[in-house]
Amino acid sequence: MIMKTIPYILIAIRFILAPIIISLAYFKGEESRFLILSLMYFGLLTDIFDGIIARKVGISSEKLRRLDSQTDLIFWLSLGFAVYFLNPELIKHEWKGIVLIFVMEALCYVVSIWKFGKETCTHAFLSKMWGLSLLIAFTYLIGFQRAGWAFYLTVILGFISHIDVILIVLILPKWQYDVPSSYHAWKIRNGKKRKKSIFFN
C-alpha cells in the first residue's frame, strides 16, 4: 500500500520544488545558483522514478500521468522564472526563442482541448529528448549564466517535439496518454494496439 503512494509523493515533491526554486532565485540571487541546479537534478530524479515505481506497482493510470505531465510543466516553468530573476538580460536577449516555445506549448493545449476537451499527455519520445535538452540548457543558463549551443538546441528540439505532439493529437481518433510519436498515433488510428514501452515514465 505504501509503495502505491510513492509516485504521488514524488510528483508532490516536484510540485513543491517549483516555488522553492523561484523563491531562491528571487531572494538569494547569485548565491543560490548551484543550489537551484541541485534541486533541478533532484526534481529530474523524482520524474524518472515516479513512473518506474508506478509501473512496478501497477498504478500507472490516466490520472497519474496527467498529474505528472502538469507538474512537469510547472517545474520547468519555475526554472525559467529562476533564470529571469538571476539574469534578466539573458532572457531579454533570447526572447524570440522563448516566445516560440511558449507559443508551441500553448498550441498543443489549444489543439488538444479543442479536439478532446482535455490537455495533452502524450509523453512522446521527442518530448523526452526535449526534456533532456532542457536539463542541459538550464545547466548552462543557471550554472554558467550563458545560453550558447544548449539553448539553441533546446529551441530547435522544442519546436520539433511540439509539432510531433500536435500531429499526435490531430491523428488520434480519441484521447490517449503515453503515445510515443505521431507514427504510433497513425498506427493506433489504423487499428493497431498500442504497446507499452518501459521508456515512458
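Using the working numbering, the letters of the sequence shown map in sequence onto residues 6 to 206.
Ideal Cβ placement from N, Cα and C applies to all residues, glycine included.
Nearest residue (CA-CA) to residue i, options the options
{"i": "Tyr46", "options": "Thr125, Leu22 and Arg194", "result": "Leu22"}
{"i": "Trp81", "options": "Phe39, Phe143 and Leu112", "result": "Phe143"}
{"i": "Gly163", "options": "Asp183, Pro178, Lys133 and Gln181", "result": "Lys133"}
{"i": "Lys101", "options": "Phe156, Phe54 and Gln150", "result": "Phe156"}
{"i": "Ile53", "options": "Val104, Leu177, Ile18 and Phe39", "result": "Ile18"}
{"i": "Pro12", "options": "Tyr114, Arg71, Ile27 and Leu40", "result": "Arg71"}
{"i": "Val170", "options": "Glu35, Tyr188, Val160 and Pro93", "result": "Tyr188"}
{"i": "Glu36", "options": "Arg151, Leu105, Leu78 and Ile147", "result": "Ile147"}
{"i": "Ser83", "options": "Lys33, Pro93, Val104 and Ser28", "result": "Ser28"}
{"i": "Ile78", "options": "Gly136, Ile165, Gly196 and Ile168", "result": "According to the sequence provided, residue 78 is Leu. The question's Ile does not apply to it. Ranking the options by Cα distance to Leu78, first place goes to Gly136."}
Terminal residues of the alpha helix (DSSP H) in which residue i lies
{"i": "Phe20", "result": "Ile7 to Ser28"}
{"i": "Ala129", "result": "That residue, Ala129, is in no alpha helix (DSSP H); it is neither H nor E in DSSP."}
{"i": "Trp154", "result": "Gly153 to Ile176"}
{"i": "Ile193", "result": "Ser187 to Arg194"}
C-alpha gap between residue i and residue j, whole angstroms
{"i": "Tyr89", "j": "Leu95", "result": "8 Å"}
{"i": "Asp183", "j": "Tyr31", "result": "35 Å"}
{"i": "Ile141", "j": "Thr127", "result": "22 Å"}
{"i": "Ile7", "j": "Gly48", "result": "21 Å"}
{"i": "Phe130", "j": "Lys97", "result": "30 Å"}
{"i": "Tyr114", "j": "Ala190", "result": "17 Å"}
{"i": "Phe109", "j": "Thr10", "result": "As written in the sequence, residue 109 is Met, which differs from the Phe given in the question. Whole-angstrom Cα-Cα distance: 33 Å."}
{"i": "Thr159", "j": "Gly85", "result": "13 Å"}
{"i": "Leu139", "j": "Tyr145", "result": "10 Å"}
(request) Tell me the start and end of each unbroken alpha helix (DSSP H) in the segment 32 to 120 that is at least 4 residues and wholly inside, in chain order. (result) Counting only runs of 4 or more, we get 38 to 62, 67 to 91 and 93 to 98.
(request) Please confirm if the segment 115 to 122 is in contact with the segment 162 to 179, defined as three or more CB-CB distances below 8 Å between the two stretches. (result) Yes: at least three Cβ pairs fall under 8 Å.
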